[in-house]
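Visitor:
2 protein chains.
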Amino acid sequence: MTAGEGSPASDAELVELLRQNGIVLELDDLEALLDGVLAAPEGEDSLAWTALVSENPSPELVRVFQDLKARRRSAGSKKRPPIAERLAGVRAAMAERELDGFFVPRADEHQGEYVPKRADRLAWLTGFTGSAGIALVLEEAAAIFSDGRYTLQLEQQVDGAHFERLHVTEQPPAEWLLEKLPNGGRVGYDTMLHTPTQVEALIQALAPGGIELVPLDDNLVDHAWSAQPPAPLSPAIPHPLEFAGRSSEDKRAALADDLAKRGAEAAVLTLPDSIAWLLNLRGADVPRTPFCLSFAVLHADGALDWFVDKRKVTPALARTLGNSVRLQDPDALGAALDGLGARGAKVLADPGSAGIWFFRRLAAAGAKLLYAPDPCQLAKACKNPVEVAGTKRTHERDAVPLIRFLAWLDREACARADSGNPITEMEAADKLHGLRRETGKLRDLSFDTISSVGPNGALNHYRVTEETNRPLTRGEFYLVDSGGQYSDGTTDVTRTLPIGEVSVEMAERYTLVLKGHLALGRQRFPKGTTGSQIDALARQYLWQAGLDFDHGTGHGVGSFLSVHEGPQRISKVPNSIALQPGMIVSNEPGYYKPGAYGIRIENLEVVEEIDLPGRERPLLGFHTLTLAPYDRRVIRLDLLTGEEQAQIDAYHARVFATVGQHLDEADRTWLAAATQPLA
Amino acid sequence: MTAGEGSPASDAELVELLRQNGIVLELDDLEALLDGVLAAPEGEDSLAWTALVSENPSPELVRVFQDLKARRRSAGSKKRPPIAERLAGVRAAMAERELDGFFVPRADEHQGEYVPKRADRLAWLTGFTGSAGIALVLEEAAAIFSDGRYTLQLEQQVDGAHFERLHVTEQPPAEWLLEKLPNGGRVGYDTMLHTPTQVEALIQALAPGGIELVPLDDNLVDHAWSAQPPAPLSPAIPHPLEFAGRSSEDKRAALADDLAKRGAEAAVLTLPDSIAWLLNLRGADVPRTPFCLSFAVLHADGALDWFVDKRKVTPALARTLGNSVRLQDPDALGAALDGLGARGAKVLADPGSAGIWFFRRLAAAGAKLLYAPDPCQLAKACKNPVEVAGTKRTHERDAVPLIRFLAWLDREACARADSGNPITEMEAADKLHGLRRETGKLRDLSFDTISSVGPNGALNHYRVTEETNRPLTRGEFYLVDSGGQYSDGTTDVTRTLPIGEVSVEMAERYTLVLKGHLALGRQRFPKGTTGSQIDALARQYLWQAGLDFDHGTGHGVGSFLSVHEGPQRISKVPNSIALQPGMIVSNEPGYYKPGAYGIRIENLEVVEEIDLPGRERPLLGFHTLTLAPYDRRVIRLDLLTGEEQAQIDAYHARVFATVGQHLDEADRTWLAAATQPLA
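Residue numbers (my numbering), protein chains in the order written: chain A, 66 to 744; chain B, 66 to 744.
#1: Between the Cα of B/W735 and those of B/P683, B/H526, B/R469, B/M571, spot the shortest distance and give me the residue it belongs to.
#2: Taking the C-alpha atoms as reference points, what is the distance between A/A149 and B/A325?
#3: Among residues of its own chain, excluding the 5 on either side of A/S119, which ones have a beta-carbon nearer than 7 angstroms to its beta-carbon?
#4: Can you tell me which of the three DSSP states B/P563 falls into?
#5: In chain A, which residues lie less than 7 angstroms from B/E681 when you measure between Cβ atoms?
#6: 8 angstroms is my cut-off, CB to CB: does A/F590 come that close to chain B?
#7: Give me the Cβ distance between A/F372 and A/F360, rounded to the nearest whole Å; I'm assuming they're in contact under 8 angstroms.
#8: According to DSSP, is B/P536 part of a helix, a strand, or is it coil?
#9: Ignore the nearest five residues each way along the sequence and tell me which others in A/H526's own chain have a CB closer than 6 angstroms to its CB.
#10: Can you say whether B/A722 is buried or exposed, counting buried as having 16 or more other CB atoms within 10 angstroms of its CB?
#11: Name the residues in the region 557–584 of chain A whose C-beta lies less than 7 angstroms from a C-beta of chain B; which are they?
#12: For B/V390 versus B/L336, is the C-beta spacing smaller than 8 angstroms?
#13: Beta-carbon of B/S111 versus every beta-carbon of chain A: anything under 8 angstroms?
#14: Taking only beta-carbon atoms, is A/L358 less than 8 angstroms away from chain B?
#15: Using the three-state DSSP reduction, which class does A/I199 fall into: helix, strand or coil?
#16: Is the number of C-beta pairs between the region 709–717 of chain A and the region 594–606 of chain A that are closer than 8 angstroms three or more?
#17: For A/E667, which residues does DSSP report across the bridge?
#18: Rounding to the nearest angstrom, what Cα-Cα distance links B/G540 and B/I515 in this structure?
#19: With DSSP as the reference, label B/D366 as helix, strand or coil.
#20: Heavy atom of the ligand SAH less than 7 angstroms from the Cβ of A/T262, yes or no?
#21: Is any beta-carbon of chain B found at less than 8 angstroms from that of A/S597?
#22: Determine the chain A residues that contact B/T706 at a beta-carbon separation under 9 angstroms, and present them in chain order.
#23: Is B/D255 helix, strand or coil when you go by DSSP?
#24: Using a Cβ-Cβ cutoff of 9 angstroms, what residues of the region 634–646 of chain B are near chain D? List them in chain order.
#25: Return the chain-ordered list of same chain residues with a C-beta closer than 6 angstroms to the C-beta of B/Q710, the five sequence neighbours on each side being excluded.
#26: Per the contact definition of three or more C-beta pairs closer than 8 angstroms, is the region 472–490 of chain B in contact with the region 503–512 of chain B?
#27: Since B/L243 and B/V252 are thought to touch, with beta carbons under 8 angstroms apart, how far apart are those beta carbons, to the nearest angstrom?
#28: Do the CB positions of A/F168 and A/M159 come within less than 8 angstroms of each other?
#29: Please confirm whether B/Q605 has its beta-carbon closer than 8 angstroms to some beta-carbon of chain A.
#30: Using a C-beta cutoff of 8 angstroms, does B/D703 count as contacting chain A?
#31: Near B/A494, what residues of its chain come up, given a Cβ to Cβ distance below 7 angstroms and the 5 sequence neighbours on each side ignored?
#32: Would you please state the rounded distance, in angstroms, between the beta carbons of B/V650 and B/I635? I believe it to be under 8 angstroms.
#33: Show which residues of chain B have a CB atom less than 8 angstroms away from the CB atom of A/D600.
#34: Tell me the rounded alpha-carbon separation between B/V671 and B/A643.
#35: Below 7 angstroms on C-beta distance, what does A/L684 contact in chain B?
#36: Between which residues of its own chain and A/V202 is the CB-CB distance below 6 angstroms, once the five residues before and five after are set aside?
Below is the structure:
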């Protein structure tokens with residue numbers, strides 16, 4: 066909207082307009098709602114939020130809404146106080162509670178990878194915006210801990226005068242505390258943000274030093290953070306059966322049956338993807354993942370109490386939920402747990418993902434606790450046939466922008482580099498995003514695109530910024546790890562490609578990574594096999610050369626949900642969850658040469674039953690979802706076996722046969738060449 | 066000795082003869098000692114036991130000893146009462162304690178794979194002689210549980226009228242108990258024979274049914290077993306530094322240091338191989354493993370209390386032990402633990418291997434328990450350079466009888482089969498044993514030879530008996546898994562070979578097993594890698610064909626100690642112990658077609674550091690210890706990659722170069738042909 070289109074509506078005019086449209090909402094409520102909207106991410110559809118006010122707003126109403134939102138944004142944007150002041154505020158709250166320290170983790174109360182603005186206390190307090198970290202505030206000292214991915218970012222974003230910037234495994238918070246508080250002390254933590262598993266480990270580590278962990282049912286940062294945003298508000302909408310494949314009633318009945326069998330009356334659900342899956346709903350409270358932040362209690366009769374801000378629940382969703390899903394005020398959660406406790410109910414809660422607040426509250430009220438994994442997670446991981454069909458469709462659709470992007474790069478990158486107007490990492494990421502948008506189906510990216518060239522590719526979780534934005538340069542590898550959220554699925558794909566000629570070593574190591582990726586992808590395995598059992602298949606050729614990579618080989622992927630989900634995982638870390646039909650996992654070995662280049666090749670695979678003649682065991686294997694060519698320019702044929710060549714050729718043929726028809730002629734010609742048999 | 070050589074000495078003559086030889090021993094003591102000797106296995110050297118009486122007995126004295134032993138054996142051999150009577154005895158003891166049931170596990174108080182005759186309560190009570198099982202005796206019912214290996218043996222050895230014969234995982238003891246005691250009850254167990262880990266699992270499983278586990282500090286079977294043998298007596302002798310490579314003082318000092326660092330004053334040692342390793346001693350109390358059964362308490366100052374029957378401690382050993390190893394009466398063990406408790410000491414004990422008796426006694430006395438793995442196990446697993454050199458020597462020596470055996474089979478098996486006088490499994494096992502004896506260095510077999518042909522090969526832990534003894538028949542696979550104990554090491558090797566022509570399928574599956582064995586054997590891996598991470602490398606080709614095998618791929622192997630040792634393991638089961646230089650592991654994938662044939666190929670490998678140019682990680686790999694050809698007649702060349710062919714050829718060349726020179730001409734010619742390059 067441009068400034069000339071009309072002057073802002075007055076308050077009176079606005080209320081009148083709302084009334085004309087059948088919306089009974091006080092101005093205060095509308096403003097509070099807009100603050101919530103502003104605390105949620107914008108997303109691909111900048112008007113989606115208007116569903117919170119009206120199911121079918123008139124264009125005029127939409128214009129007014131947008132205008133109001135813009136005004137509210139300006140009104141709300143306050144300069145943050147300096148770090149010293151923020152720290153002083155937290156320290157004042159500590160003093161009031163007679164605490165010597167306080168933990169400020171990155172996590173929110175859902176232990177999410179993405180947290181809403183309101184919960185990003187770590188960023189507010191320290192300036193650090195990385196996705197993993199924890200700060201510790203003491204009276205005279207403070208420190209922030211993150212991992213190797215973020216060493217540089219910590220240095221750039223966090224003021225060393227206020228915070229020691231430390232590596233979380235080299236100098237863990239507990240060790241630092243023991244050193245700083247040699248005579249013991251009382252250190253507080255917010256019980257909503259720390260799980261029993263985490264607290265248990267801290268208690269064990271701190272006990273020898275006489276340091277007492279003090280559970281707090283509020284957060285000291287919140288007291289100091291005057292302009293803390295409200296909880297995010299985004300429309301919670303139905304995830305229709307054509308995508309979900311199974312009704313919420315059916316899912317709840319199955320889980321309830323299992324609860325009953327285990328003698329439990331109820332299960333506490335704190336993971337937003339569990340609730341989204343169980344209720345067949347999607348939201349937009351955090352970026353990149355279509356969550357609706359809320360809590361729930363599932364009962365052994367299949368009924369569910371959903372503790373959610375009712376403003377988020379769109380009429381369309383409300384119509385699908387049915388009577389046995391009871392909308393409850395978020396503030397009623399504690400009392401509901403007390404009620405379970407009062408009748409001595411046995412309640413399941415997940416010590417690995419739920420805040421210890423739940424366990425303390427339930428135990429205090431008299432409930433019997435059943436410590437067990439969130440029961441939705443495994444059920445959700447095993448996609449039903451409708452979801453599998455959806456994700457196959459999604460991947461065919463998402464292959465088009467990716468292949469168009471690869472063709473564009475091949476045509477442009479060297480020429481642009483030579484002309485002195487190189488493509489940059491940022492431009493490339495934007496280009497790919499735009500091409501995905503052109504599908505007309507993109508709901509969001511599934512994560513911030515990793516678009517990296519040269520040494521930036523060796524930084525495992527690199528995200529390009531204005532400061533680091535590097536031109537695509539001849540002789541370097543360009544690595545792009547990206548994905549989209551679509552109603553029928555979630556994609557995640559990595560390709561690495563040479564800009565012009567690269568070194569012999571680079572091609573050799575590309576081929577070693579590829580050989581591992583192929584070995585894992587073609588492996589069949591008996592039912593019962595876990596991801597940790599097959600992880601080494603992807604590393605064997607790198608290991609043979611004395612090389613390795615320091616991340617997992619594969620993570621679970623949701624169905625229009627989180628791009629990282631459990632409980633399965635292909636990794637060195639032991640994992641007891643067997644791979645099961647319908648599970649989607651990534652297959653993404655890599656190799657990273659610090660300061661030089663990074664290689665990663667990633668497909669998503671869905672686990673399928675294999676009906677092989679002569680098999681003696683129930684057999685599983687992978688069907689590759691991702692459709693995009695490997696880069697033949699850096700495949701060293703002399704390092705491949707005949708089996709590997711045939712595997713690449715068959716895959717490439719499939720890519721062309723499936724995607725070629727959806728491309729224009731130029732791109733189709735490019736793809737035909739890129740997918741020609743190797744020999 | 067033949068009957069005519071002399072009449073048995075009278076008691077008076079005997080005492081006189083002993084006195085003449087400077088041995089002051091009452092007749093009663095001598096008889097008790099002989100009973101102990103008879104309760105130990107005989108071993109390769111049937112006179113070794115005489116070291117218990119005299120360091121250098123005269124030939125005459127030896128003759129008398131042997132005579133006495135024979136007399137004592139006849140006197141001691143009583144017919145066992147019928148099963149019903151044995152069961153009645155146990156039930157009477159149960160009634161006295163007001164128990165509804167009693168557990169009779171196979172385990173002894175050292176959780177050993179081999180148990181002494183005295184501790185083989187399960188065999189006495191039920192007749193079952195397998196190496197894994199547990200019985201449960203109730204007032205009106207009884208059951209025995211074992212695993213799939215022993216289904217047939219259970220049926221053959223155990224009377225179904227007295228015992229239900231059950232599969233331990235299909236119908237676990239706890240489930241059976243819950244079913245038989247629907248109203249709850251009291252079930253006793255011997256605290257020496259069950260570890261805290263085992264008891265904890267049972268308590269958890271039984272609690273819902275109101276079944277109480279009652280700890281007993283004695284064993285009800287012992288009350289019923291009137292002719293129970295005494296504890297075994299065999300000479301405990303030094304394991305000299307030339308084989309051990311490291312002094313006991315040094316080992317104890319290192320472990321003591323570690324104990325002190327963990328704030329512990331002492332560690333309880335219950336595993337006989339731990340004590341053998343730590344004190345550099347060997348014994349012969351059980352078959353196949355040169356153990357001396359005893360307990361020990363290691364103190365944080367490096368001193369050790371050794372609770373052992375002093376009659377076992379030979380003067381030669383006593384001279385090596387030094388002052389800080391204090392010989393204690395076995396009966397003094399409880400009081401020693403009480404002493405630790407009385408001063409509130411922190412004591413390490415291994416809940417996975419020590420009887421719960423230790424934990425209960427220590428806790429009752431006031432000790433603080435440190436639950437941790439037996440500290441000797443990991444240290445022992447990492448062989449020092451002297452031990453590694455020893456095991457290499459052992460394997461070169463042991464290769465000679467094995468290759469002579471393979472050559473003999475190749476020359477004889479078909480001819481004998483055709484002549485109607487086939488070689489049998491038993492004859493083959495005896496032949497191999499005899500050839501090993503001819504090395505002049507064999508101390509014992511390292512386990513009972515698995516010599517199996519045709520369908521018997523498909524039985525994983527088959528041991529030939531008179532009843533099952535099968536002739537080596539054309540068209541079948543012969544599988545031989547065997548090993549020897551030598552002063553400088555322990556061997557364990559499996560080869561599978563065709564008798565005449567075998568089917569295409571058999572050769573194909575032999576080749577799949579071999580490919581997995583080769584893949585594992587040649588794999589390099591970064592420091593920190595565990596055996597469970599690389600297990601799938603040995604299975605990948607079988608899996609690809611829908612096949613698998615139901616045992617671990619590799620176990621640790623001792624240095625003139627147990628042929629199965631931990632803590633490392635190559636297996637599907639997650640194991641957190643990284644493979645480390647000096648560890649010896651078996652590499653033994655297999656394939657078993659029930660009712661038809663079995664294939665297993667096993668080498669021992671020692672983990673070594675690999676100094677590969679360009680490596681970016683500390684790198685480890687395997688050096689193959691075992692030296693014996695694979696069977697080229699059943700290797701399907703068309704299924705091998707060039708890398709695999711080269712690997713086999715290089716190994717075969719090494720086998721010939723190393724062992725050929727120690728063979729006579731006929732066998733050398735045979736080996737030359739068997740180790741020719743494949744192509």
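Even glycine gets a Cβ: it sits at the ideal position worked out from N, Cα and C.
Guide: Result, derived from the coordinates:
#1: B/R469
#2: In this model, A/A149 and B/A325 are separated by some 45 angstroms (Cα to Cα).
#3: N86, I88, L126.
#4: strand
#5: G611, L612
#6: For A/F590, the answer is yes, since a Cβ of chain B falls inside 8 angstroms of its Cβ.
#7: 4 angstroms
#8: In the three-state DSSP reduction, B/P536 falls in the strand class (E or B).
#9: Cβ within range, chain order: R214.
#10: With fewer than 16 Cβ atoms within 10 Å of its Cβ, B/A722 is classed as exposed.
#11: none
#12: no
#13: no
#14: The beta carbon of A/L358 sits no closer than 8 angstroms to any beta carbon of chain B.
#15: strand
#16: no
#17: A/T559
#18: 19 angstroms
#19: coil
#20: Ligands displayed in this structure: none; no statement on the ligand SAH is therefore possible.
#21: At a cut-off of 8 angstroms between beta carbons, A/S597 contacts chain B.
#22: T706, G707, E708
#23: Three-state DSSP puts B/D255 in a strand.
#24: You won't find chain D in this structure, because its protein chains are A and B.
#25: L743
#26: no
#27: Between B/V252 and B/L243 the Cβ distance is about 11 angstroms, and since that is not below 8 angstroms, they are no contact.
#28: No, Cβ-Cβ distance for A/F168 and A/M159 is not below 8 angstroms.
#29: yes
#30: Chain A, which has no Cβ nearer than 8 angstroms to the Cβ of B/D703, makes this no.
#31: Within its own chain, the residues whose Cβ lies closer than 7 angstroms to the Cβ of B/A494, once the five positions on either side in sequence are excluded, are T514, S516, V529, listed in chain order.
#32: 6 angstroms
#33: Q598
#34: Roughly 14 angstroms between the two C-alpha positions.
#35: G611
#36: V155, F167
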